[in-house]
Amino acid sequence: VRVTRALAPAGLPLVDTARIDVRAGIVCAAMALAVAVCVGALPAAWGAVDTHSLREGGRGATAGRAQLTARHALVVGQVAFALVLIAGSGLLLESVRRLRAVQPGFAVDGVLVSSVVMSSPGSVSDARATAFWYALETRLGALPGVVAVGATERVPLTSGEGCTTIGVEGRGEPGCIHTARVTPGFFRAMGIRVRGTTPDWTDADRHLAGAVITDAVAARLWPGSDPKGHGITSCERYGCQRGWYAPITAVALGVHDDGLDRPPPEIVYLPITPVAADTFPGGVPRGMAIVVRTASGDPAAYVPAVRRVLAELDAGAPLGMATPMRELWAASMARVTFTTALLSVAAGMAVLLAAVGLYGTLAYVVGLRRREIGVRMALGARAAQVRGLVVRQSAWLAVVGVALGLAGALVATRLLRSLLFEVAPGDPVVLSAGVALVGGVIALASYVPARRATRVDPTETLRAG
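For what it's worth, our numbering labels the leading residue of the sequence shown as 866, then goes sequentially.
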């Protein structure tokens, strides 16, 4: 339970209330008792057969046909269910592996993110707000070990779905696109690769700072050409011709802002200061997320210094929860990781139970055939031949179980489609690995009883029979 809580993603309902208490113990005991009753009652019911069946079971050196059919059905069922769970957990493990291999388009290590809101934002002028962000970025950037500092309205992997209707110079209205106002140091602080020139504070002071668009915007609006030098406008308040205007100066490359499992979205990064003396809706932001990129492996160690600098600039400005970007990156995969962990535990238990069950069933079946094995060996059969016979018979059961398990896996894994990333429910590599694992368990579970039976002296077996 503690491990489950630790792996659970934030916001999962009732996960903190999960515990082993009296009610849970009663439910588990009741289920165990019900299973025990069924396991004991069904064989007893099947055992109430006529004398012909009794004679069939007692004749010769093997069990009756009905008994063997029931045992074989149990083996086949265990193999099938184990393969279904293994296939599901294998697909999720492959999804997590591929998610971790995705290049997010920004720095993950050494980056600290925290929200900052100016005190008394309603009484702060745009000029004063601009001066505050400039001073904060400059002062934090001067701290020992700090590589770069920036601020943004939109933090990758944490932002919502809001958008702004954007107009393109000479093309009218291309649709609603994510927008975020950022300070000049944002792109370097986040480690975002850009093609072109990003604005600096001199451009901001002269109202000449341009916009930076993502390559997804460039690919849709300017396919095969360079978008730099073109302009974009706001179409929300005054129409595309009367809103603010910003020239495109650079293209941000490969930023997975909405999630690692989604393609890079369309985003327009705008400067925090007005462009060409026009006015942005809402003016200069009074609250943004500050991004501090450090040379340290533990960016959280810089929180006291960030808080101290903020207090010197604005004593009433609160510093929001400071979070390393590595944690935000991990949280974006938490749902898939959590589901993978739970299903992997279930699959591991299924494999363990299948191995124990197969071993027990096959050991019992081989035990019933000890007299037959003794006869074969007394007539000259070698131990390897007898072991091969038993393993081959078990292999046929495995083939049937695997066939049913594959069919069940192809159906059941489709329910996981929303959790899969770049892997299909019927991925042949994952299914082949699951089949190989189940096959190895079956081979071991059948070989051990067969080897034990062939090590017994045939004369003693025949005498005992």
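Think of the CB as a built atom: it goes at the ideal place given N, C-alpha and C, for glycine as much as any other residue. Remember, it's a predicted structure, so these values are computed and weren't measured experimentally.
Contact belief for residue i with residue j at Cβ below 8 angstroms, rounded distance in angstroms
i: residue 1273; j: residue 945; result: 6 angstroms
i: residue 1029; j: residue 1044; result: 4 angstroms
i: residue 1293; j: residue 1275; result: So it is not a contact: roughly 11 angstroms between Cβ atoms.
i: residue 1015; j: residue 1047; result: 6 angstroms
i: residue 1193; j: residue 978; result: 7 angstroms
i: residue 1315; j: residue 1231; result: 6 angstroms
i: residue 954; j: residue 1205; result: 7 angstroms
i: residue 1164; j: residue 1128; result: That belief does not hold up - the Cβ atoms of residue 1164 and residue 1128 are roughly 28 angstroms apart, past 8 angstroms.
i: residue 1216; j: residue 947; result: 6 angstroms
i: residue 1211; j: residue 1008; result: With 8 angstroms as the limit, residue 1211 and residue 1008 do not qualify as a contact, their Cβ atoms being about 48 angstroms apart.
i: residue 1233; j: residue 943; result: About 19 angstroms; that fails the 8 angstroms criterion.
i: residue 995; j: residue 1138; result: 6 angstroms
i: residue 956; j: residue 1278; result: 6 angstroms
i: residue 1113; j: residue 1074; result: No, residue 1113 and residue 1074 are not in contact; Cβ-Cβ is about 12 angstroms, not under 8 angstroms.
i: residue 1214; j: residue 1319; result: Residue 1214 to residue 1319, Cβ: 32 angstroms. No contact.
Residues that DSSP places opposite residue i in a beta bridge
i: residue 977; result: 1157, 1189
i: residue 1305; result: Paired residue(s): none; residue 1305 is not in a bridge.
i: residue 1042; result: 1029
i: residue 1096; result: 1112
i: residue 1047; result: 1017, 1136
i: residue 1184; result: 981
i: residue 1152; result: 982
Range of the contiguous alpha helix (DSSP H) that encloses residue i
i: residue 1226; result: 1199 to 1233
i: residue 1135; result: Counting along the chain, residue 1135 falls outside any alpha helix (DSSP H), though it belongs to the beta strand (DSSP E) covering 1132 to 1136.
i: residue 1013; result: No alpha helix (DSSP H) contains residue 1013, which is instead part of the beta strand (DSSP E) from 1011 to 1017.
i: residue 883; result: It is not in any alpha helix (DSSP H) - residue 883 carries neither H nor E in the DSSP assignment.
i: residue 1287; result: Looking at the DSSP string, residue 1287 is not in any alpha helix (DSSP H), and its letter there is neither H nor E.
i: residue 1169; result: 1168 to 1178
i: residue 1266; result: 1248 to 1277
i: residue 870; result: 867 to 872
Sub-8 angstroms separation of residue i and residue j beta-carbons
i: residue 1054; j: residue 1156; result: yes
i: residue 1059; j: residue 1115; result: yes
i: residue 1117; j: residue 1057; result: yes
i: residue 866; j: residue 883; result: yes
i: residue 1133; j: residue 1201; result: no
i: residue 1088; j: residue 1066; result: no
i: residue 1267; j: residue 1300; result: yes
i: residue 1198; j: residue 879; result: no
i: residue 1295; j: residue 952; result: yes
i: residue 1286; j: residue 874; result: no
i: residue 1033; j: residue 1095; result: yes
i: residue 1238; j: residue 1256; result: no
i: residue 1175; j: residue 1001; result: yes
i: residue 1120; j: residue 1079; result: yes
i: residue 1122; j: residue 980; result: no
i: residue 1162; j: residue 886; result: no
i: residue 941; j: residue 1265; result: yes
Start and end residues, beta strand (DSSP E) containing residue i
i: residue 1110; result: 1110 to 1117
i: residue 834; result: The chain is shown only over 866 to 1330; residue 834 falls outside these bounds and no answer can be derived.
i: residue 1079; result: 1076 to 1079
Residue i Cβ short of 7 angstroms to the ligand FAD heavy atom set
i: residue 1183; result: Annotation note on the ligand FAD: not contained in the displayed structure, which lists no ligands.
**Request:** Quick one: which unbroken beta strand (DSSP E) runs of 3-plus residues sit fully inside the stretch 955 to 1005? Chain order, please.
**Result:** List check, beta strand (DSSP E) in window: 976 to 982.
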